[in-house]
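Residue numbers (our numbering), protein chains in the order written: chain A, -2 to 125; chain B, -2 to 125.
Please read the structure below before turning to the comments.
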DNA sequence: TATAGTGTAATAGTAAAATATAACACTAGG
DNA sequence: CCTAGTGTTATATTTTACTATTACACTATA
């Protein structure tokens, strides 16, 4: 997996797991891959995986069963709440950033529409 | 200044300077504060400031005059280009993130409108 | 009960950002 | 020419994420 070297790996792994759950690639109650397997898949150390999982467990997103594995919570409400929180955090981050640059609310919406439009008509890749 | 410990300080300083220029707190041709003064203002080390400024100089945003100081470029086009690039990067970041969570284009716009609306009617602070 | 698969944790080492400190180079002005 | 203010650079040290490695604890099952 490719990581952004400006952000801690364990933090990016957390977001990766969030994504897997939100998109249904991991379902409520499902066992996630073993920590050693995840370490291999993500090409990182077991401890780094563990640090990410530890936080997800604290947040109630994952449930650890010693000797068995780590499982996605069965509480759908917790997952929904987590998804909404993530979306709002991303929007908030972007909004605050642009607002600090004196970009108005309307301009932000305009720029976003333009961005989406451009994205459909270009070959992409200019901001990847 | 308050820094996000998930992102290198020198990088956050770069963004801080970008903001100062875009919002007109620093104008084209203007001398920016001395590196030692900036280090004090931002409560960081001179070398950390220098690292940020070094990159800004490479990008043509700042111009260094040894013995005199660092100055904002007089080239308005460079500044405009930088502003546009920053805005697009922020949008791109947010868009990619939400898209990876299976949020559609329309939903992203909807969520943004809702976020802005909520922001006007609430006491704020829930995502700060 | 032995074993394979799992999570958990500790230790020691590496790498990069940031710091503390000092020195050097250039400019303007008295 | 000297000094104060500026950018530039170097060295050593600290901090923290990350790694490598090992060991321990628990579970199911052959």
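Glycine included, each C-beta is placed from N, C-alpha and C at the ideal position.
Treat the numbers as computed from the prediction; the structure is a model and nothing was measured.
| Check | Outcome |
| --- | --- |
| Cβ pair count under 8 Å reaching 3, the region 82 to 95 of chain A against the region 38 to 51 of chain A | no |
| Of the residues A:119, A:23, A:-2 and A:1, the one placed nearest residue 70 of chain A, counting alpha carbons only | A:23 |
| Where the beta strand (DSSP E) containing residue 67 of chain A begins and where it ends | 66 to 69 |
| Neighbour-count burial assignment, residue 35 of chain A, 16 or more Cβ in a 10 Å radius | buried |
| Contiguous alpha helix (DSSP H) assignments of at least 4 residues, all confined to the region 41 to 125 of chain B | 43 to 55, 73 to 97 and 102 to 118 |
| C-beta neighbour in chain B for residue 130 of chain A, strict 8 Å | The structure shown does not extend to residue 130 of chain A, since chain A is modelled only from -2 to 125, so the question has no answer here. |
| Per-residue burial, residue 125 of chain B [other beta carbons within 10 Å of its own, 16 or more giving buried] | Low confidence applies to residue 125 of chain B: its pLDDT is 47, below 50, so where it sits in the model is not reliable enough to give any reading. |
| Spatially closest choice to residue 148 of chain A from A:2, A:55, A:60 and A:76, by CA coordinates | The structure shown has nothing for residue 148 of chain A, since chain A only spans -2 to 125. |
| Minimum Cβ-Cβ distance from residue 48 of chain A to chain B less than 8 Å | no |
| Inter-residue Cα distance where the pair is residue 17 of chain A and residue 101 of chain B | 16 Å |
| Simplified DSSP assignment, three categories, for residue 28 of chain A | strand |
| For residue 84 of chain A and residue 110 of chain B, the rounded distance between their alpha carbons | 13 Å |
| Any chain B beta carbon closer than 8 Å to residue 3 of chain A | yes |
| Closer than 8 Å to chain A by CB, residue 90 of chain B | yes |
| Exposure of residue 65 of chain B, with buried meaning 16 or more beta-carbon neighbours within 10 Å | exposed |
| Within chain A, the residues that residue 53 of chain B reaches when beta carbons sit closer than 8 Å | Here the premise fails: no neighbours, minimum Cβ distance about 16 Å. |
| Integer Cβ distance of residue 105 of chain B from residue 92 of chain B, believed to fall under 8 Å | 7 Å |
| For residue 35 of chain B, the three-state DSSP class (helix, strand or coil) | helix |
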